[in-house]
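2 protein chains.
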Amino acid sequence: MITNKNCVIRLSRYKNALYRLQSLGFVRVFSDNLADAIGVLPSQVRKDFSLFGITGNKRGGYNIDSLIEKLNTILGKDQLQKVVIVGTGNIGSALMKYKGFEKEGISIAACFDIDPAKINRQAKIPVLPLEELKDFARANQIKIGVIATPDVAAQSALEMMLSAGIKGVLNFAPLRLRAPAEEIVINNVNLELELENVIYFVNALDKTRAA
Amino acid sequence: MITNKNCVIRLSRYKNALYRLQSLGFVRVFSDNLADAIGVLPSQVRKDFSLFGITGNKRGGYNIDSLIEKLNTILGKDQLQKVVIVGTGNIGSALMKYKGFEKEGISIAACFDIDPAKINRQAKIPVLPLEELKDFARANQIKIGVIATPDVAAQSALEMMLSAGIKGVLNFAPLRLRAPAEEIVINNVNLELELENVIYFVNALDKTRAA
DNA sequence: TGGATATTGTGAAATGAGGAACATTATGAT
DNA sequence: ATCATAATGTTCCTCATTTCACAATATCCA
C-alpha cells in the first residue's frame, strides 16, 4: 500500500489535468505535458505511475481515456462516494452548496446540526439532528464525514462519527482531533493557517530581497 | 530563509496550542507538551524553534507569553494583515462571514466580483467591481489576496492581483495558476482533492485489512 | 523494411526532512 | 552549597522522496 500522501495528491492533480486535456480533444499525453500541467518534473510523473503499476507506451505516451479510468479506480472514484457533513455554519453551508463535489462523483447525503432551528428534513440535502447521525450513517453505508463545527464541538463530532462506523474525516476545525489512527483517517483543512503561511512567505521573501 | 512549508505550518500550530494553554492559565510550557498538542515529537519542536532562533531555558522550558510573541513576529502577525477576496460565490461568501480570520489578526478589506448584481459598497465588507481591484489594493497597501472564482476566471484574477502589487495568494480554484515564482507566493486549497485523498486512504486501508 | 529518434520505466544517486542521542545547563531539594 | 535531575539545543544518523541518467523499446519516416 502506498502511504505517501503527496504522491496520492499528485494523482488527483494528474486526473484533473487529464480531464481538461480530454475536453480539449487530446487523445494521448506525455509525461512532460502532465508534469508541466501540475508543476513537477516529468520523471516524477513516470515514477508516480510506476509506483501504482500504471504503464504507457514507449514513444507513444499515455492514452488519456484509459489513464483517467485507472486513476479513478485507484482513487476510489469508480463508485459514487456519499459523505455527511456535521455543522451547518459558514463552512458547512458553503460545502453544501458547492458544485465542485458533484462533478467529482462525491455526493453529500445529509448534514447534521445540534441546533433544532437548523433542521430541515425536506431540503434537497436534508439537515438532520445530530442524534440521528449514527443511524443515518449506518443505514446509508456512509464511510466519509466532514467536520465543520466550531472548535469545541469538533472532538465530540468525531467521536459520533467513529461510533457511526465512519472511516475517513475531513476536518475544518482548527485543532488536533484525537482518535486511534488504525480506525480512522483524518485530513485537516485549516484556512487561517493556510493564509498565515502565505503571509509568512510573503514577508520572508520580502526580507530576503531587502537583504 | 526557511523554505520548509511544513515547518512554518507547525509554527502556526504551536501558536494555536499556546493560546489555548495561555487561556487555561499556564505560564510555562515544555517541548513535550507542545509536541503532544500538535502531534509531533518533542525533538521536532525543539528543532523547529532552533531553526528560527527561538530559545527557552534548560530545565525551565519556554515562557508562553514570550513564545507567542516571538511566533507572531516570525509569522508576520505583529501587524494586522488586510486581505482581499476575488469571487463572491459559495466559498468567497463563506470566507467573508468566517469568524476565524478576525481572531487571527486577519481582516478582509473588500471582496471583488465581475457580476454587477453582486456589488454592494455599503456592506461592512464592501463588494466592489473587479476593475477597481488594482486601485483599491494599491491605495490600501494590500499584499495578500484570495482567489475564490470559478476555474476559468482564476488565472485572470491572479494576473489582476499581480498588477495590483499583491505578493501572496491563497487559491481555491482547482487548477495550477501560472506566475513568476519570484514575484508571488501561491498556496492552493483544493477541497475536492482533500476529500478524494481521504477516500483513497479509507479504501486503501480497507483493502490492506482485508488482505 | 530498417534505421533514427522520442519516450518510457527503473535502478542508482542526491537531497532533505525527521528522529535519536547526548552533552550542556538551569533548577530545586537536601 | 552541593548534588541529582530534568529539560534544552544541537549534532549526527536514518530514512523517505525526489531527481538523474540511461537502457529498453515503440513509433515514424525514408
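Those sequence lines, one after another, are chains A and B. For our numbering, add 1359 to where a residue sits in the first sequence, where the first one is 1. For our numbering, add 1359 to where a residue sits in the second sequence, where the first one is 1. A virtual CB, placed ideally from N, CA and C, is assigned to each residue, including glycine.
Unbroken alpha helix (DSSP H) run spanning residue i, endpoints
| i | result |
| --- | --- |
| P1401 of chain B | 1401-1410 |
| I1506 of chain A | I1506 of chain A -> not in any alpha helix (DSSP H); beta strand (DSSP E) instead, spanning 1503-1506. |
| Q1381 of chain B | 1364-1382 |
| F1560 of chain A | 1550-1569 |
| M1520 of chain B | 1510-1522 |
| E1575 of chain A | An answer regarding residue 1575 of chain A cannot be provided, because it is not within the stretch 1360 to 1570 covered by chain A. |
DSSP state of residue i mapped onto helix, strand, coil
| i | result |
| --- | --- |
| I1543 of chain A | coil |
| D1474 of chain B | coil |
| R1480 of chain A | coil |
| A1468 of chain A | strand |
| L1534 of chain A | coil |
| Q1438 of chain B | coil |
| Y1457 of chain A | coil |
| R1497 of chain A | helix |
| G1451 of chain A | helix |
| I1397 of chain A | helix |
Partner residues on chain A for residue i, Cβ-Cβ distance less than 8 Å
| i | result |
| --- | --- |
| F1616 of chain B | With chain B covering 1360 to 1570 only, the question about residue 1616 of chain B has no answer from this structure. |
| T1567 of chain B | M1360 |
| A1453 of chain B | N1449, I1450, S1452, A1453 |
| K1417 of chain B | Near K1417 of chain B there are no residues of chain A at all, since even the closest Cβ is about 27 Å away, more than 8 Å. |
| L1382 of chain B | According to the sequence shown, residue 1382 of chain B is Ser rather than Leu. Within chain A, no residue comes near S1382 of chain B; the closest Cβ sits about 12 Å away, beyond 8 Å. |
Short Cβ contact (9 Å threshold) for residue i with residue j
| i | j | result |
| --- | --- | --- |
| L1410 of chain A | K1374 of chain A | no |
| A1502 of chain B | I1525 of chain B | In the sequence as displayed, the identity of residue 1502 of chain B is Lys instead of Ala. Cβ distance < 9 Å, so K1502 of chain B and I1525 of chain B count as in contact. |
| N1530 of chain A | V1557 of chain A | no |
| T1552 of chain B | I1413 of chain A | Looking at the sequence itself, residue 1552 of chain B is Leu, so the reference to Thr does not match. Contact: no. |
| I1423 of chain A | L1377 of chain A | yes |
| T1567 of chain B | M1520 of chain A | no |
| T1508 of chain B | A1516 of chain B | yes |
| L1536 of chain B | A1513 of chain B | yes |
| N1499 of chain B | V1528 of chain B | no |
| V1561 of chain B | V1544 of chain A | yes |
| L1554 of chain A | Q1481 of chain B | no |
| Y1594 of chain B | G1459 of chain A | There is simply no residue 1594 of chain B to check, as chain B begins at 1360 and stops at 1570 in what is shown. |
| I1450 of chain A | Y1457 of chain B | yes |
| A1396 of chain A | R1418 of chain A | no |
| A1532 of chain B | G1504 of chain B | no |
| S1452 of chain A | A1453 of chain B | yes |
| L1370 of chain A | I1427 of chain A | no |
| A1540 of chain B | E1518 of chain B | no |
Under 9 Å from the C-beta of residue i: neighbouring residues of chain B
| i | result |
| --- | --- |
| Q1440 of chain A | L1554, E1555, I1558 |
| V1528 of chain A | V1557 |
| V1434 of chain A | What sits at residue 1434 of chain A in the sequence shown is Leu, not Val. Those within 9 Å of L1434 of chain A in chain B are E1555, N1556, I1558, Y1559, N1562. |
| I1478 of chain A | Under the 9 Å cutoff, chain B gives no residues; its nearest Cβ is about 21 Å from I1478 of chain A. |
Cutoff 7 Å; reference residue i; Cβ partners in own chain excluding five residues on either side
| i | result |
| --- | --- |
| M1455 of chain A | I1444, I1467, C1470, I1484 |
| G1420 of chain A | R1387, V1388, F1389 |
| D1391 of chain A | P1401 |
| E1542 of chain B | L1521 |
| C1366 of chain A | D1407, L1410 |
| D1437 of chain A | N1431 |
| S1382 of chain A | none |
| G1415 of chain B | Y1421 |
Same chain only: Cβ atoms within 8 Å of residue i, ignoring 5 sequence neighbours per side
| i | result |
| --- | --- |
| I1478 of chain A | D1472, V1486, L1487, P1488 |
Beta-carbon neighbours of residue i, restricted to chain B and to distances below 7 Å
| i | result |
| --- | --- |
| L1564 of chain A | V1544 |
| G1398 of chain A | R1535 |
| N1499 of chain A | Neighbours of N1499 of chain A on chain B: none; closest Cβ ~16 Å, over 7 Å. |
| F1502 of chain A | Checking the sequence, you will find Lys at residue 1502 of chain A rather than Phe. Result: V1561. |
| I1467 of chain A | Neighbours of I1467 of chain A on chain B: none; closest Cβ ~10 Å, over 7 Å. |
| N1392 of chain A | Going along chain B, no residue has its Cβ under 7 Å from N1392 of chain A, so there is no contact; the nearest lies around 13 Å. |
Cross-chain neighbours of residue i in chain A, by beta carbon under 7 Å
| i | result |
| --- | --- |
| V1367 of chain B | N1556, Y1559 |
| K1456 of chain B | N1449 |
| S1515 of chain B | In chain order: nothing, as chain A lies at least about 17 Å away. |
| K1364 of chain B | N1556 |
First and last residue of the uninterrupted beta strand (DSSP E) at residue i
| i | result |
| --- | --- |
| L1487 of chain B | 1486-1488 |
Within chain A, partners of residue i - CB distance below 9 Å
| i | result |
| --- | --- |
| E1518 of chain B | Going along chain A, no residue has its Cβ under 9 Å from E1518 of chain B, so there is no contact; the nearest lies around 17 Å. |
Own chain, CB closer than 6 Å to residue i, minus 5 neighbours either side, in chain order
| i | result |
| --- | --- |
| L1534 of chain A | D1510 |
| V1404 of chain B | S1390, L1393, A1394 |
| R1372 of chain B | I1397 |
Where residue i meets chain B, residues with beta-carbon distance less than 8 Å
| i | result |
| --- | --- |
| E1428 of chain A | Ordered by position in chain B, no residue passes the 8 Å Cβ test against E1428 of chain A, which lies about 16 Å from the chain. |
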